[in-house]
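Read through the structure below, which is laid out as structure tokens, and then see the notes.
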Amino acid sequence: MPLHAFVDESFEGDYVVAVVTAADGHVTAHRAAMRRLFRRGQSRIHFKKENDARRGQILAGIAALDLTVRVYVTDNGRTARRACLERMVPDLAELGVTRLVLERDDAVVEADRRMLFELTGKQSADLEYRHLRASEDPLLCVADAVAWCYAKGGRWRQLISVFTTVIRV
């Protein structure tokens with residue numbers, strides 16, 4: 003079954019890219035499950051703005067989903083994003099990901115498009131990629147939560163370690 007991948011980043015300390023993959027047939031149910039975690043009036047969950055009790059509740063909801071989570075980590079610097087994407091795209095192609103959704107950051111969209119065009123061509127990957135705002139796809143909130151937890155370290159990193167594979171780039 004084809005997979006979809008959802009990506010967000012954190013650059014507090016190391017540069018961290020969280021990639022959440024879900025089977026095509028489960029994406030709709032996972033989106034609905036994430037929406038149920040939204041508070042009234044929320045259009046998205048922004049993990050760093052939540053209190054610790056709520057963060058725990060959100061992580062419990064994420065852990066209950068049938069998702070695969072990878073975190074790509076490298077030193078923060080000018081080429082960090084490129085290094086992570088260069089490692090991530092072949093991995094996603096090997097996994098059978100057909101749709102990649104990256105959280106939209108207007109400052110990097112054009113550079114990402116050029117880079118992803120180049121990288122998917124090298125892999126002969128049939129990979130559709132889009133940049134969306136977190137409010138446009140609730141599964142981007144999962145990537146946001148994982149990236150935040152990894153970057154924060156300590157007990158937060160420990161909580162996600164049960165469902166996360168870390169790849170040092």
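Note that this note's numbering has the sequence shown beginning at 3, numbered continuously upward. Note that CB positions come from ideal geometry on N, CA and C, so glycine has one too.
A distance of 7 Å or more separates the beta carbons of residue 152 and residue 82. Between residue 136 and residue 105, the gap from beta carbon to beta carbon is short of 7 Å. For the set 95, 101, 141 and 108, the Cα lying nearest the Cα of residue 121 is the one of 95.
In the same chain as residue 148, and ignoring 5 residues on each side of it, the C-beta atoms closer than 6 Å to its own belong to 20, 71 and 162, in chain order.
Remark: C-beta atoms of residue 5 and residue 91 do not approach each other more closely than 7 Å. Burial is judged here by how many other beta carbons sit within 10 angstroms of a residue's own beta carbon; residue 164 has fewer than 16 and is exposed.
At least 7 Å separates the beta-carbon of residue 22 from that of residue 168. Scanning 68, 108, 107 and 132 for the CA closest to the CA of residue 119 turns up 132. In this structure, the CA atom of residue 12 is about 6 Å from the CA atom of residue 150. Here DSSP, grouped into helix, strand and coil, assigns residue 163 to helix. Taking 3 residues as the shortest admissible run, the stretch 64-96 contains the following complete beta strand (DSSP E) segments, listed from N- to C-terminal end: 70-76. By DSSP's assignment, residue 35 forms no beta bridge with any residue. Secondary-structure assignment with DSSP links residue 134 through a beta bridge to 105. Taking 8 Å as the upper bound for CB-CB distance, residue 146 and residue 49 are in contact here, some 5 Å apart. For residue 144, no beta strand (DSSP E) run applies; the uninterrupted alpha helix (DSSP H) run containing it begins and ends at 141-154, by DSSP.
The three-state reading of DSSP puts residue 5 in strand, counting E and B together.
The beta carbons of residue 142 and residue 10 sit closer together than 7 Å.
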